[in-house]
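When you line the sequence shown up against mature numbering (1 follows the signal peptide of the UniProt record, and there is no 0), it's residues -19 to -1, 1 to 239, in that order.
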Amino acid sequence: MHSSVGIVALAVLGVAVCAQPRGRILGGQEAKAHSWSNMASVQVNGTHVCGGTLVDEQWVLSAAHCLDGVTSDEFVQVLLGAHSLSKPEPSKRLYDVQAAVRHPGSRPDRIEDDLLLLKLFQNASLGPYVSPLPLQSEDRDLTPGTLCDVAGWGVVSHAGRRPDVLQQLTVPIMDRNTCNLRVHHDGVVTQNMMCAESNRRDSCRGDSGGPLVCGNKVEGVVAWGSRVCGNRKKPGVFTRVSTYIDWIENVRLGNWTV
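What follows is the structure in structure tokens.
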């Protein structure tokens, strides 16, 4: 039974007009089953559309563009405790979404402020396979070359094949100035974003909203990149969590409207 509260909250979500290729694990490998206990699958009408991160027992962090075009008669849910999207697993549970809170600066036609918080109707059942991961609160840039991990159920081949089990990938952080060179993203990567190298290894469609984890903290949220995933000239771009930590905390404390 889906409460109307969640449906009303989702009614504000607009129609997608993507200025940048969204979604963007290509060249990775299957994750160790249930090693990403913070990992969420954001689903619309029972289909995986994006990744997400469990930040506490009632909130999941994802990307705002994940719900572009979703209408009030569509059901948004969050799957936690999963390795396989389709096979039965004792730890898996699907939660209805009570409210979808987009960052007020996010819009379908821009790449800034691309964050979304999803409030679950009931608290997630925490345990060894479902647990939050701390968010990075220190606002500083990582040293270029720092190795971070990203995971998701997004596209794993140029042909568009999607995996059933969670994939993960280790990527080196790229200096923002380098990322902004004309040969790469030509100045559009702001201080609110960070880049990772994407030479044949990249996040891809369906990975949007998932976590970039560095040193056991969520450093970024998968945002956008190349139309062709794995294009070394178009590094993967992530929304920096630390920039938005005050907004995230305010929403978790109930200071939000839809």
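The beta carbon of each residue, even a glycine, is placed where N, CA and C say it ideally should be.
Note that the structure is predicted; figures quoted are calculated from it, not measured.
{"Check": "Relative to the alpha-carbon of S179, which residue among R121, V131 and D90 has its alpha-carbon at the smallest distance?", "Outcome": "V131"}
{"Check": "Considering only residues of the same chain and omitting the five flanking positions on each side of D156, which have a CB-CB separation below 6 Å?", "Outcome": "P125"}
{"Check": "Among the residues of its own chain, which have a CB less than 6 Å from the CB of I(-13), if the five just before and after it don't count?", "Outcome": "Confidence at I(-13) is low in this model, with a pLDDT of 28, below 50, so the placement of that residue is unreliable and no value is reported for it."}
{"Check": "Which two residues bound the contiguous alpha helix (DSSP H) that contains I226?", "Outcome": "I226 to R233"}
{"Check": "Hey, is the segment 110 to 124 in contact with the segment 217 to 224, meaning 3+ C-beta pairs nearer than 8 Å?", "Outcome": "yes"}
{"Check": "Considering C176, what are the terminal residues of the beta strand (DSSP E) in which it resides?", "Outcome": "M174 to A177"}
{"Check": "DSSP state of D183, grouped into three classes?", "Outcome": "Below a pLDDT of 50, predicted positions are generally treated as unreliable, and D183, at 44, falls in that range; no measurement from the model is reported."}
{"Check": "Going by the beta-carbon positions, is the gap between V59 and V25 smaller than 8 Å?", "Outcome": "no"}
{"Check": "By the 10 Å Cβ neighbour count, where 16 or more other Cβ atoms means buried, how is K215 classified, buried or exposed?", "Outcome": "buried"}
{"Check": "Grab me the residues of G32's own chain with a C-beta within less than 6 Å of its C-beta, minus the 5 sequence neighbours each way, in chain order.", "Outcome": "G133, D188, G190 and G191"}
{"Check": "Alpha carbons only, please: which of D95, S67 and V202 is nearest the one belonging to G27?", "Outcome": "S67"}
{"Check": "Who are the Cβ neighbours of G196 in its own chain at under 7 Å, not counting the five residues just before and after it?", "Outcome": "none"}
{"Check": "What span of residues does the beta strand (DSSP E) with residue 246 cover, start to end?", "Outcome": "The first residue shown for the chain is -19 and the last is 239, placing residue 246 beyond what the model contains."}
{"Check": "List the residues that DSSP assigns as beta-bridge partners of I154.", "Outcome": "A177"}
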